[in-house]
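Engineer:
Residue numbers (this note's numbering), protein chains in the order written: chain A, 1 to 354; chain B, 1001 to 1354.
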């Protein structure tokens, strides 16, 4: 059975503004010093397991030129453009229906396009176990991340008994408060929900038909039209009608017979500017500096420079991001609030900077 | 007797880098929101007391185009270019000798070009008292500033008995430590040394002849050649030979019969980027923002924007200065260290940014 991968690349990545913009979001940025973008890394690390002709990218139609440019080896027909944003459930149904038309059945990996993995060999061997379980008939498999600290910004997976390579999922839980997160960690029975899934096309389609029949029907119509002259108009009319829903809420929290594999492969969701110091090398004072930068008595300062000299004097715990038209200076404990500037810009109709 | 003013405008103002540059120092910048530069304000506030034809600007020869441009009403002959930097004593001797050639005797105000005065009417009335005392035969008069806090970055003037409008100076003292500065304040007998002086040309020349005879002789030769074809070559050869010396050390600390007038006219030496929040209006969270700026949850942040949007998120107690080719982010308790970046730039031969 073929192994296919669906990479979800429709996100906007507002938390990496001003480097990420609505027309050039995070997954198309390089946040590491090797120059590779997030989506390029995502595809590259999969290639030991998945043939490039079986890698599908689902993205907003506005981003298809970026995908083609950054991933020239991926067949053009594998770039699936969403006419509008409808969260992960319609995205996955669309891709599943398209793949379903090509192969009788196949294994489908569903992966975010904007995460980093430090230990790629462990990652591949973890995925291989998940693929084997899916092939062996496990309904839905999700890759959980063994938590290393009580993060309150992620959902968690509560798992139960071990079944071969996988564990039974007891339940998915929403972002906890700190006390709850600590209890999750000490129990040893919780994983972070990373948004990575492995299943057979036939399995996930069955779950769509059970829990999201409207989306199942629409996706089938999209799949049937794929490769025909009607495709664009069918896609547009069906996709518009989809409600916006996550796969977690739409299926994972409702289905039974779900399994998880704990992953310990140096996963990072690169969720805010704070990630830059985690995923790159810092100096002895925990500064990270990229570009034309001069420092004097700075500590724990992250600088992503642009074309000009950035001089930091005596700074502590701040992030400086310089671009041609915007400069951001952000306290490290306010990285989630970068979105507030985007809100202000939208209110003032300054969409060219968003 | 004519009242003349000599404005010393040869300084480099490194602490206002990157807005101030070696080819465009602080006195030629506007740091207030009215758009007037420091030197323009310095001249304008004098005009109730001094005729514009009697205002002299002593500056580095590299800055004479800037002086002409910013002060088009000052006669060109009143712009006295120093061939090299030799501190305040040679600067004042040069100006005194030139004025001495024009007038038989005159009162001479000596003033920095890069300070701000909040209450200009009080300033003028203070200067008038000093002028009267100088005319009445007081040897040397200096304007002291009534201290409002125990600043350790200024020299102090210890004064004694009141003599009419002025007080006898007992001694000039160097920058004190905090404990000493506090004792100065509580004694009520100390003023800040502001570098503003008032005397007759004849008085200051006599003091030069007594305490700095070499500079006196050279200045006389410069004054004699003023207005002749030889002037440039005489100025150059004499000025080169001068040692670098401050008027404070060269004369004020040695002469007797010195007086001071306590000034309380909202003086600010605009000594570092910290001054910007003092001399401008701030918002309710003590932020100062100039230019295209967006704030979210920022406090006590000073932003001097440039051509781009500056977004500050969650910042506290920092200064952000944006220019076309350099961005500075500086902690408020490191404003004196901006010079260290200039040092680094010079070491790396990046003089275009200095």
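For each residue, glycine too, the CB sits at the ideal point set by N, CA and C. All values derive from a computational prediction rather than experimental measurement.
DSSP on residue 298 of chain A, reduced to helix/strand/coil?
Structural biologist: The answer is coil: DSSP assigns residue 298 of chain A none of H, G, I, E or B.
Engineer: By DSSP, does residue 46 of chain A sit in helix, in strand, or in coil?
Structural biologist: Looking at residue 46 of chain A - three-state DSSP - the assignment turns out to be coil, as it is neither helix nor strand.
Engineer: Once you ignore the five residues that flank residue 10 of chain A on each side, which residues in its own chain have a CB closer than 8 Å to its CB?
Structural biologist: Cβ neighbours of residue 10 of chain A beyond the five flanking positions: 58, 59, 60, 63, 82, 85, 91.
Engineer: Rounded to whole angstroms, what is the Cα-Cα separation between residue 1039 of chain B and residue 1136 of chain B?
Structural biologist: One C-alpha to the other measures close to 30 Å.
Engineer: Can residue 80 of chain A and residue 268 of chain A be called in contact, C-beta distance under 7 Å?
Structural biologist: No; because the gap between Cβ atoms is not below 7 Å, this pair is not in contact.
Engineer: Please go through the same chain and pick out, in chain order, the residues whose beta-carbon is closer than 7 Å to the beta-carbon of residue 1329 of chain B, but skip the five residues on each side of it.
Structural biologist: 1318, 1320.
Engineer: So with CB distances below 7 Å, who are the chain B contacts of residue 314 of chain A?
Structural biologist: Near residue 314 of chain A (Cβ distances below 7 Å), the residues of chain B are 1330, 1331, 1333, 1334, 1337.
Engineer: On the premise that residue 6 of chain A lies in contact with residue 130 of chain A, defined as a C-beta separation below 8 Å, what is that separation, rounded to the nearest angstrom?
Structural biologist: The Cβ separation is near 14 Å, so there is no contact.
Engineer: Tell me whether residue 1152 of chain B is buried or exposed, calling it buried when 16 or more other Cβ atoms sit within 10 Å of its Cβ.
Structural biologist: Classification of residue 1152 of chain B: exposed, given that the 10 Å Cβ count is below 16.
Engineer: Run down chain B in chain order and give the residues with a C-beta less than 7 Å from the C-beta of residue 308 of chain A.
Structural biologist: Within 7 Å Cβ-Cβ: 1325, 1326, 1327.
Engineer: At a CB-CB cut-off below 7 Å, which residues of chain A make contact with residue 1033 of chain B?
Structural biologist: Going along chain A, no residue has its Cβ under 7 Å from residue 1033 of chain B, so there is no contact; the nearest lies around 21 Å.
Engineer: Would you call the CB atoms of residue 1354 of chain B and residue 1022 of chain B closer than 7 Å?
Structural biologist: In this structure, residue 1022 of chain B lies closer than 7 Å to residue 1354 of chain B by Cβ.
Engineer: If we count the other Cβ atoms within 10 Å of its Cβ and call it buried at 16 or more, is residue 104 of chain A buried or exposed?
Structural biologist: The residue is exposed, with fewer than 16 neighbouring Cβ atoms inside 10 Å.
Engineer: Do you know whose CA, among B:1150, B:1149, B:1157, lies nearest residue 1142 of chain B's CA?
Structural biologist: The option with the nearest alpha carbon to residue 1142 of chain B is B:1157.
Engineer: Who are the Cβ neighbours of residue 1220 of chain B in its own chain at under 7 Å, not counting the five residues just before and after it?
Structural biologist: Contacts found: 1097.
Engineer: List, in chain order, every chain A residue whose beta-carbon is nearer than 9 Å to that of residue 1111 of chain B.
Structural biologist: Simply none; closest approach about 31 Å.
Engineer: Note down, in chain order, each residue of its chain lying with its Cβ closer than 7 Å to the Cβ of residue 53 of chain A, except the 5 sequence neighbours on either side.
Structural biologist: Closer than 7 Å at Cβ, skipping near neighbours: 75.
Engineer: Counting Cβ pairs, one atom from each stretch, are 3 or more of them under 8 Å apart for the stretch 1254-1264 of chain B and the stretch 1277-1289 of chain B?
Structural biologist: As far as the Cβ criterion goes, the stretch 1254-1264 of chain B does not touch the stretch 1277-1289 of chain B, which means the pair count is below three.
Engineer: Establish whether the CB of residue 1023 of chain B and some CB of chain A are separated by less than 7 Å.
Structural biologist: Answer no: the Cβ-Cβ gap between residue 1023 of chain B and chain A never drops below 7 Å.
Engineer: Let's see if you can read the secondary structure: which residues bound the beta strand (DSSP E) around residue 156 of chain A?
Structural biologist: 156-163 is the extent of the beta strand (DSSP E) around residue 156 of chain A.
Engineer: Would you kindly work out how many angstroms separate the C-alpha atoms of residue 112 of chain A and residue 8 of chain A, rounded to a whole number?
Structural biologist: Going by the C-alpha atoms only, they are around 5 Å apart.
Engineer: Spell out the partners DSSP gives residue 1196 of chain B in its beta bridges.
Structural biologist: For residue 1196 of chain B, which the question treats as bridged, DSSP gives the partners B:1143.
Engineer: Please say whether residue 1043 of chain B and residue 1066 of chain B have beta carbons closer to each other than 7 Å?
Structural biologist: Not closer than 7 Å, so no.
Engineer: In the DSSP assignment, what are the bridge partners of residue 316 of chain A?
Structural biologist: In DSSP, residue 316 of chain A forms a bridge with A:299.
Engineer: What are the residues of the stretch 286-309 of chain A that lie near chain B, defined by any Cβ-Cβ distance shorter than 7 Å?
Structural biologist: Hits within the stretch, in order: 294, 296, 297, 308, 309.
Engineer: Could you tell me which of A:237, A:51, A:146, A:348 sits nearest to residue 1293 of chain B, measuring between CA atoms?
Structural biologist: Closest option to residue 1293 of chain B, Cα to Cα, is A:348.
Engineer: Apply the 10 Å Cβ neighbour rule to residue 149 of chain A and answer buried if 16 or more other Cβ atoms are within range, or exposed otherwise.
Structural biologist: It is exposed - the Cβ of residue 149 of chain A has fewer than 16 other Cβ atoms within 10 Å.
Engineer: So what does residue 1274 of chain B bridge to, in DSSP terms?
Structural biologist: Answer is none; residue 1274 of chain B lacks a bridge partner.
Engineer: Can you check which of these residues, B:1203, B:1198, B:1176, B:1199, is closest to residue 1192 of chain B by C-alpha distance?
Structural biologist: Of the listed residues, the one whose Cα sits closest to residue 1192 of chain B is B:1176.
Engineer: In whole angstroms, what separates the C-alpha of residue 172 of chain A from that of residue 155 of chain A?
Structural biologist: Approximately 7 Å, taken between the alpha carbons.
Engineer: Alpha carbon to alpha carbon, how far is residue 1126 of chain B from residue 1204 of chain B? Give it in angstroms, no decimals.
Structural biologist: Between residue 1204 of chain B and residue 1126 of chain B, the C-alpha separation is close to 20 Å.
Engineer: If I'm right that residue 309 of chain A touches residue 1270 of chain B with Cβ under 8 Å, what's the distance once you round it to whole angstroms?
Structural biologist: With a Cβ gap of about 24 Å, residue 309 of chain A and residue 1270 of chain B do not count as contacting.
Engineer: Can you list the residues of chain B that residue 353 of chain A reaches, using a CB-CB cut of under 7 Å?
Structural biologist: Residues of chain B passing the Cβ test: 1309.
Engineer: If we require 4 or more residues per run, which alpha helix (DSSP H) segments fall completely within the stretch 1220-1290 of chain B?
Structural biologist: Complete alpha helix (DSSP H) runs here, min 4: 1231-1241, 1275-1279.
Engineer: Out of B:1027, B:1108, B:1188, which has the shortest C-alpha to C-alpha gap to residue 1144 of chain B?
Structural biologist: Ranking B:1027, B:1108, B:1188 by Cα distance to residue 1144 of chain B puts B:1188 first.
Engineer: How close, in whole Å, do the beta carbons of residue 89 of chain A and residue 107 of chain A come, if the pair is a contact with beta carbons under 8 Å?
Structural biologist: That pair is no contact at about 19 Å.
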